[in-house]
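*Asks:* Take a look at the following structure, please.
2 protein chains.
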Amino acid sequence: MANISKKVSWSGRGDDRGERTPLLNGAEDGKYNRHVLHFVFQSLDYDNSENQLFLEEERRMSHMGFRCLETRRWVICGLIGFLTGLIACLIDIAVEKLAGYKYSAVKQNIEKFTEFGGLSISLILWAVLNSAFVMVGAIAVAFFEPIAAGSGIPQIKCYLNGVKIPRVVRLKTLAIKVFGVICSVAGGLAVGKEGPMIHSGAVVAAGVSQGRSTSLKKDFKIFEYFRRDTEKRDFVSAGAAAGVSAAFGAPVGGVLFSLEEGASFWNQMLTWRIFFASMISTFTLNFFLSIYHGKPGELSSPGLINFGRFDSDYIPFESFIFFSFHFPGGVLGALFNVINYWLTIFRIRYIHRPCLQVMEAMLVAAVTATISFAMIYFSNDCQPLGQDNTEEYSLQLFCADGEYNSMATAFFNTPERSVRSLFHNPPGSYNPLTLGVFTLAYFVLAVWTYGLTVSAGVFIPSLLIGAAWGRLFGILLSTITSSQSIWADPGKYALIGAAAQLGGIVRMTLSLTVILVEATGSVTYGFPIMLVLMTAKIVGDYFIEGLYDVHIKLQSVPFLHWEAPPTSHWLTAREVMSSPVTCFNRVEKVGRIVDVLSNTSTNHNGFPVVILSFLQPGKICGLILRSQLIVLLKHKVFVERASSRLSHRKLQLKDFRDAYPRFPPIQSIHVSQDERECMMDLTEFMNPTPYTVPQETSLPRVFKLFRALGLRHLVVVDNENRVVGLVTRKDLARYHLGKDGLEELHLAQT
Amino acid sequence: MANISKKVSWSGRGDDRGERTPLLNGAEDGKYNRHVLHFVFQSLDYDNSENQLFLEEERRMSHMGFRCLETRRWVICGLIGFLTGLIACLIDIAVEKLAGYKYSAVKQNIEKFTEFGGLSISLILWAVLNSAFVMVGAIAVAFFEPIAAGSGIPQIKCYLNGVKIPRVVRLKTLAIKVFGVICSVAGGLAVGKEGPMIHSGAVVAAGVSQGRSTSLKKDFKIFEYFRRDTEKRDFVSAGAAAGVSAAFGAPVGGVLFSLEEGASFWNQMLTWRIFFASMISTFTLNFFLSIYHGKPGELSSPGLINFGRFDSDYIPFESFIFFSFHFPGGVLGALFNVINYWLTIFRIRYIHRPCLQVMEAMLVAAVTATISFAMIYFSNDCQPLGQDNTEEYSLQLFCADGEYNSMATAFFNTPERSVRSLFHNPPGSYNPLTLGVFTLAYFVLAVWTYGLTVSAGVFIPSLLIGAAWGRLFGILLSTITSSQSIWADPGKYALIGAAAQLGGIVRMTLSLTVILVEATGSVTYGFPIMLVLMTAKIVGDYFIEGLYDVHIKLQSVPFLHWEAPPTSHWLTAREVMSSPVTCFNRVEKVGRIVDVLSNTSTNHNGFPVVILSFLQPGKICGLILRSQLIVLLKHKVFVERASSRLSHRKLQLKDFRDAYPRFPPIQSIHVSQDERECMMDLTEFMNPTPYTVPQETSLPRVFKLFRALGLRHLVVVDNENRVVGLVTRKDLARYHLGKDGLEELHLAQT
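From first to last, the protein sequence lines stand for chains A and B. Here the first sequence stands for residues 8 to 757, numbered as in my numbering. Here the second sequence stands for residues 8 to 757, numbered as in my numbering.
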């Protein structure tokens, strides 16, 4: 039944290997092995180290003190929401301005040359403009901050899951991300500006909550209490939610996104704060955009994207048609992911130099412009210009006066507007052939674009593809049945198609449903949307995982899912744990600590502290982290110096917080030969009550404990309370359910 | 700082005391002490007992087997949603019919006597009709199933929290609940039919998921795998969500309600299933109601209550006015709770006999009718009958022809319709005096009504009170500023007032916001609604807890909140645990087991199993539950019989599942004197890897472990792994934050 592939033997296992280059966008050696988990990723620690210092501080704090802390948390969440809203506003206005200039220029040029002939000059102008925008964006990303590439959602998923992706929440990343997304959307790529908002919100949160910026070397000396992984993670959840909320005008969807991706332990107060941040974010964005659009106070169209309200109803029979959409959605979604998967492997192997990456991005931009142009040129799909026509850049091209080219509306627009047109334009706005060709072309472009070294999201392209074939289906249906009254509105088929396609690609059921419901403002469509998302997910899962999971797996991140694989009851802590474990004594020689920390072949991050005993593993009495030991060594907290330290101040939690989160490497700390002979008393600094499990504990039980409490290290003990092993994230992430039952991934040494 | 009141000494502490009469609606002895936690409440066990039997079963199961289980879970959730929707439909139609007959009869009578005089006869008719309905409902509740009284939300909160309230999820309870709520709403009480839907959904879930009904003595032999607390709880969450969803047409709100109240460990798959159940429930209700109303397929007005869409916008300046609503909302809400608190204590002391309870309910019904009548009679608030007037029972009374009495619309209607009128009737429909008097009268009636021995909810009355003063405020505002254009719509003030009032009374921020947003279908108002709910909660919390928490506390339920009180870092497991602990040996004498289980002064429910040792506490090697021991004794699984048992079949998990959840008391199991001398081997049946903590673990840490994993027993060990104590729910629930810091509740002996 449970088919366990053979274990690889490895020496010197450790939690991870210090801060290294991020791999999320290209393995260093250009090789890729999909059965490997990388050691480069550190884990975050969501379990407070309740050592004496911590307990003393907590006990000193009065009830009032805790109230103040709570208030500060609310203030921070408000700030996060406000700043995220502002950033969304900035992106929106910048994109609108830049795209506006571009389309005006190209439109004038096309109109000029339509009469004289020589439209190839227009094409060149368009392609050059696009490539230029994309080049600037790609250079920023490829040369200055590669982690800012893509939508950022996989990275934030990993962060919330407890994996530390280096540099992912830095200010510089935020700046490049925002700049990059403006360039790529203005550059006409098949991308959306919504995904990056989630990443931006998370960075804002990580920055604001720490009250300092290490990039800017500025410490405001506020919010020092929150300088640890537990608190920071909570704020990052709020930031991600605020990002979703700003992007889609979906505050509840934002909260659910954060919870679906991140929170392992649901906490009511935390959820309220996340919700608060989301609300503030939408509100801020709306408020400033309404001012920008000259209608201050008109708050009824929230979010960067608004799909408009669907007022038309559907009849129950249509539910079955809607339901059938899950199949194309799931299959096309899986196809998207499979192609993108192979493309990404190709990129990892051959396109890992920054200049190549920039060139690929420019190539895609030029090709996008060319394809768009060709399709506009060859289509003669003329539609009368209506009174209520809201297309800003309607092209007449070869159409008669008073008409416009409807293919041009689909391509000659930001993707957001195209989605909206597909949802809401009256029946007859598009002819079926136009839509068919558009679907195909855009699918190819979107697959190719995702994974480029530009900062961009995949939500909107997915929606656009789905809306196109959904609407096509609706039109065909009304042609076949020719009962115009009932099937009058192909827009609702576009909506369901968009949901099916998005579900097939990204597979986040619950939050997506809510996001789509909130973005369309129609609770009525909630049921078919949910049904189609869920079944599209099932169909897609049959072939391949969701796009984000594909990318996470491609980077060999030790990602923990919600539950242990169902057939893993065969395994116990004994088989899963790494052993032997490097332990320290309660009072340990400095030399040994330095040696252990410097040992690059093991590079452990957590060490059980044991009571000295002879010839056998010692009884556990605590757990200490590498980062804590580093701070202790840096401040030379040695027993021998205790007397002289009387004049000095005692080491405080503040010293640990100041070093957080970039603890210096052991190599940078100088320990003299004399000092090596000193002793260090760990009693005060270790966590005296780490969680432990007996060796017989089944894997699902270990997994549940680990996941529910967000642990980084779990000590395995025998029935005498002696340390026999240590379970870390990688030991659990190794097991996953393959086609033939339980499979085990290898642990890479690099 | 942390001010701990002195501990009471008590002997014989145990987890609880077997199944007893439920106390949620009246203490037995008529006395009430608010500093006591009762022993009558058993805990639920959300931690699987991973004994050998369980592991063997799990290991036997193939990947396909787990898939089937998962499919079954989805099917069950679909069924739960469907049945809950049907029940909601039944309630809605029954109430509408009955109320329709009643109002028609009274209306005709009033119209008859308006001309001749002698309206007192109409009053008597009205009062008698009301009292008759309420009497029938109250008799059903008081004599047949007292647990069906009230909204049921506190009980479901407790269940999801892990407290077993006897008889709360039985079929009989459901029947009485549904019958009771129809009677009380038709009887014109100031109640809503929404709260009971949540309870109904939970009962449906508990029944369907177990594949049998113990009330009907019918076992369908399906879903046997789900016969344990962990699985059952998950389904009950889904049922509660489906109930909310049906009541308010708010599927997302339902999911959030379940999560806010129940789930400690967020699980993605579970959440999707809950959402699925919610969606099915709303859809079913809509579908059948649309058929009933003769418009099959018109699904646009979901839920039992629909507040109608708010299309009018608000200007940012109004946000500040909306925001100011939190103060009256919080204060009035707290006042409501305080009065109801004292009233409930009065009821516990003096009105604890069923016939008294029925009489009180009838009295309230008669008084409600009288007050309503008086207010209709004395008001001369005539409004012209508009074209689009939707009032079904508009009373002309003393108004001119073509006019109707607007006070009558507020009282002569089900509360749901009244709320809708307050939200949406055009400006000028009500005069300020009418609204003021109405607010006051309805407030008094609602306070008096909640806690009666009838099945009824408090959501709608709260909304109605809030909507009334909110609209009043809006009207006054427009009078003062006399700028009709901007303040034209008092309906939006009614909405925000309703939110503030509801927030002040029940205090569930997140799910309430979403419920209100979904029920009104306006995302735009989400921000002010959230703001007002949150601040109303803060204001209200200053005075007293939320209504449901007040009632939970009044029944001395050991309810665990989300986190340990912040100032509890002073306490460690050593102070919190109960000790000494009754332990069993791995192979134990039957006589001792029977004696321990029969000891009514301790009545423990979980027993650590230890390895035999001399003179000192033994090393822990497992944990066994009372229920498991009972099954073992019943099947006489003794070592001495092992040889003869070769012919018998081996004890299987099925035997434990068949006995679940009503394990027989120890008294019903006959053990002969010979058998008392036999030995029982617990190895196969005990949980070999119970969670343990060292004695130094701080209370917040113990609390987090306990809450995150949904434990019932947590073993405290010393550093030799010897059992020194046991932490149960009551040990943690004892500590709470009072006015003067940390307080400790006493544990009652009964």
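Quick reminder that beta carbons are idealized off the backbone N, C-alpha and C, glycines included. All values derive from a computational prediction rather than experimental measurement.
#1: State yes or no: is the beta carbon of V259 (chain B) nearer than 8 Å to at least one beta carbon in chain A?
#2: Note down, in chain order, every chain B residue with its Cβ under 9 Å from the Cβ of N274 (chain A).
#3: Taking just the CA atoms, how far does Q162 (chain A) sit from I172 (chain A)?
#4: Compare the C-beta of N32 (chain B) against all C-beta atoms of chain A and say whether one is closer than 8 Å.
#5: Can you give me the C-alpha to C-alpha distance between E35 (chain B) and P361 (chain B), rounded to a whole angstrom?
#6: Could you spell out the range, first to last residue, of the alpha helix (DSSP H) harbouring V524 (chain A)?
#7: Measuring only between beta-carbons, confirm whether R235 (chain B) sits less than 8 Å from chain A.
#8: Kindly list the residues whose CB is nearer than 6 Å to the CB of A149 (chain B), restricted to its own chain and excluding five residues on each side of it in sequence; keep chain order.
#9: Quick one, are the C-beta atoms of T735 (chain A) and H720 (chain A) less than 8 Å apart?
#10: Take A213 (chain B) as the anchor and find which of B:E201, B:P672 and B:E238 has the nearest alpha-carbon.
#11: Between L554 (chain B) and N347 (chain B), is the Cβ-Cβ spacing less than 8 Å?
#12: What separation, rounded to the nearest whole angstrom, lies between the Cα atoms of I87 (chain B) and A506 (chain B)?
#13: Measuring CB to CB, does S244 (chain A) end up less than 8 Å from G269 (chain A)?
#14: Could you give the DSSP three-state label for I281 (chain A): helix, strand or coil?
#15: Can you confirm whether T486 (chain A), when its beta carbon is compared against all beta carbons of chain B, has any partner nearer than 8 Å?
#16: Taking the DSSP output, what are the residues bridged to T699 (chain A)?
#17: Quick one: what's got a C-beta closer than 7 Å to R280 (chain A)'s C-beta in the same chain, skipping five residues either side?
#18: Taking 8 Å as the CB-CB cut-off, is A284 (chain B) touching chain A?
#19: For S585 (chain B) versus L733 (chain B), is the C-beta distance shorter than 8 Å?
#20: Pull up the DSSP beta-bridge partners for Y742 (chain A), would you.
#21: Between the C-alpha atoms of H743 (chain B) and S485 (chain B), what's the straight-line distance to the nearest angstrom?
#22: Taking 8 Å as the threshold, find out whether the region 109-121 of chain A comes into contact with the region 151-170 of chain A through three or more Cβ pairs.
#23: Taking Cβ to Cβ, would you say V724 (chain B) is nearer than 8 Å to L630 (chain B)?
#24: Rounded to the nearest angstrom, what separates Q508 (chain B) and G477 (chain B) at their Cα positions?
#25: Compare the C-alpha of V557 (chain A) against each of A:R599, A:I352 and A:T690 and name the closest.
#26: If you drop the 5 nearest sequence neighbours on each side, which residues of the same chain put their C-beta closer than 6 Å to that of G745 (chain A)?
#27: DSSP on C75 (chain B), reduced to helix/strand/coil?
#28: Write down every uninterrupted run of the alpha helix (DSSP H) in the region 551-626 of chain A whose length is 4 residues or greater and which is fully enclosed by it, in chain order.
#29: Using the three-state DSSP reduction, which class does S69 (chain B) fall into: helix, strand or coil?
#30: For M693 (chain B), which of helix, strand or coil comes out of DSSP?
#31: In terms of alpha-carbon separation, which member of A:L126, A:Q217 and A:L470 lies closest to T377 (chain A)?
#32: Whole alpha helix (DSSP H) runs in the region 315-381 of chain A with 4 or more residues, listed along the chain?
#33: Would S654 (chain B) pass as an interface residue toward chain A - the criterion being a Cβ-Cβ separation below 8 Å?
#34: Measure from the alpha carbon of F418 (chain B) to the alpha carbon of each residue in B:S379, B:Y437 and B:L442, then state which is nearest.
#35: Would you kindly report the start and end of the unbroken beta strand (DSSP E) that includes E410 (chain B)?
#36: Could you tell me whether the Cβ of E65 (chain B) comes closer than 8 Å to any Cβ of chain A?
*Replies:* This is what the structure gives:
#1: By this cut-off, V259 (chain B) is an interface position.
#2: Simply W569 and E570.
#3: It is roughly 7 Å from the alpha-carbon of I172 (chain A) to the alpha-carbon of Q162 (chain A).
#4: Any reading at N32 (chain B) must be qualified, since the residue scores a pLDDT of 38, below 50, and its modelled position is unreliable; no value is offered.
#5: Because E35 (chain B) sits at a pLDDT of 42, beneath the cut-off of 50, its placement in the model cannot be relied upon, and the point is left open.
#6: Where V524 (chain A) is concerned, the enclosing alpha helix (DSSP H) stretches over T516 to T527.
#7: Chain A, which has no Cβ nearer than 8 Å to the Cβ of R235 (chain B), makes this no.
#8: Within the same chain, and ignoring the five residues on either side of A149 (chain B) in sequence, the residues whose Cβ sits closer than 6 Å to its Cβ are P361, Q364, V365 and T460.
#9: In this structure, H720 (chain A) lies closer than 8 Å to T735 (chain A) by Cβ.
#10: In this structure, B:E238 is the residue among B:E201, B:P672 and B:E238 with its C-alpha nearest to the C-alpha of A213 (chain B).
#11: Annotated as proximal: L554 (chain B) and N347 (chain B), with beta-carbon spacing under 8 Å.
#12: Cα-Cα distance, rounded: 29 Å.
#13: A distance below 8 Å separates the beta carbons of S244 (chain A) and G269 (chain A).
#14: Here I281 (chain A) carries a helix assignment [DSSP, helix/strand/coil].
#15: So, not an interface residue.
#16: Its beta-bridge partners are A:V722.
#17: Taken in chain order, the residues that qualify are R80, W81, C84 and A245.
#18: For A284 (chain B), the answer is no, since every Cβ of chain A falls outside 8 Å of its Cβ.
#19: Closer than 8 Å, so yes.
#20: DSSP lists A:E751 as partners of Y742 (chain A).
#21: Cα to Cα, the separation comes out at about 46 Å.
#22: In the pairwise beta carbon analysis, the region 109-121 of chain A is classified as not touching the region 151-170 of chain A: fewer than three pairs are separated by under 8 Å.
#23: Judged by their CB atoms, V724 (chain B) and L630 (chain B) are not nearer to each other than the 8 Å cut-off.
#24: A straight-line Cα-Cα distance of about 9 Å links Q508 (chain B) and G477 (chain B).
#25: Among A:R599, A:I352 and A:T690, the Cα nearest to that of V557 (chain A) is on A:I352.
#26: Exclusion of the five residues before and after G745 (chain A) leaves no residue of its chain whose Cβ lies closer than 6 Å to its Cβ.
#27: Looking at C75 (chain B) - three-state DSSP - the assignment turns out to be helix.
#28: Complete alpha helix (DSSP H) runs here, min 4: 554-561, 580-583 and 597-605.
#29: Look at S69 (chain B) here: in three-state DSSP terms it is coil, with no helix or strand label.
#30: Note: M693 (chain B) maps to coil in three-state DSSP.
#31: Minimum Cα distance to T377 (chain A) is reached at A:L126.
#32: Taking only runs of at least 4 residues, the alpha helix (DSSP H) segments lying wholly in the region 315-381 of chain A are 323-331 and 333-357.
#33: Because S654 (chain B) carries a pLDDT of 47, less than 50, the predicted location of this residue cannot be relied on, and the following value inherits that uncertainty. So no, S654 (chain B) is outside the interface.
#34: Closest option to F418 (chain B), Cα to Cα, is B:S379.
#35: Per DSSP, E410 (chain B) belongs to the beta strand (DSSP E) from E410 to N412.
#36: Cβ-Cβ to chain A under 8 Å: yes for E65 (chain B).
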